[in-house]
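Student: First residue of the sequence shown: 461, per the numbering used here; consecutive thereafter.
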Amino acid sequence: MDLSNILAISGKPDLNEMVSRTKNGAIVKNLVTGQKFPVFSTNSISQLSEIRMFTTEDEKPLEEVFENAYNVLEGKPTDFDPKKADSTVLFELMGKVLPNYDTERVHASDAKKLFAWYNVLLSAGKLTPEEGEKKEEGAEAESVEKPAAKKTATPKRTAAPKQAAPKATTQAKAAPKRTTTAKKAI
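What follows is the structure, given as structure tokens:
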């Protein structure tokens, strides 16, 4: 699961995915509505991959928390609307998802946002640990195949200059004529 292109923008209710960068910001797509719009460097933008949750030991990346939530909820959305849920329900589920969360520094608003984002990412198809594991296995297979592909590509690169060599030879023949002409002029 890669959350590096998923953005939380201050003043916008849902999560957004970065489509492209611009000179002064980015073009993003809302994960709920699918609407694209520009954001600028003056907006307060946070990448989900850089957000962490407080635990009693250290901080956990949000990606790990979402993976835990996915496993605890068995890949299903929450049974309740996180934005309207009572704090006891939120903290009960939070205890299952992240048992060692810091009860003094993680507030109800944090849990609401976490589970609301979880539901948005799940409905957008961005939380799929099984595919992530398959991609990792595929990446290992590709890493084995890539050197072979590079070996195949290397002769092609070598062959391309050989094809260009006759043109260079023709140009090289033309160059001595110019040099010879220049010697005659001197």
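Note that CB positions come from ideal geometry on N, CA and C, so glycine has one too.
Treat the numbers as computed from the prediction; the structure is a model and nothing was measured.
Using 8 angstroms as the Cβ pair cut-off and three pairs as the minimum, do the stretch 496 to 515 and the stretch 466 to 473 touch?
Tutor: yes
Student: Taking Cβ positions, are SER509 and LEU522 nearer each other than 9 angstroms?
Tutor: yes
Student: So VAL557 is in the alpha helix (DSSP H); what residue range does that whole segment cover?
Tutor: 547 to 557 is the span of the alpha helix (DSSP H), which, as asked, contains VAL557.
Student: Considering just the uninterrupted stretch of the beta strand (DSSP E) at LEU522, what are its terminal residues?
Tutor: Careful: LEU522 lies outside any beta strand (DSSP E), inside the alpha helix (DSSP H) at 522 to 532.
Student: Going by other Cβ atoms of all chains shown within 10 Å of its Cβ, with 16 needed for buried, is ASN476 buried or exposed?
Tutor: With 16 or more Cβ atoms within 10 Å of its Cβ, ASN476 is classed as buried.
Student: Once the 5 residues before and after SER464 are set aside, which same chain residues still bring their CB inside 7 angstroms of it?
Tutor: GLN507, SER509
Student: Can you grab the Cα-Cα spacing for the pair ASP546 / VAL525, in whole Å?
Tutor: Whole-angstrom Cα-Cα distance: 20 angstroms.
Student: May I have the straight-line CA-CA distance separating ALA571 from LYS520, to the nearest angstrom?
Tutor: 14 angstroms
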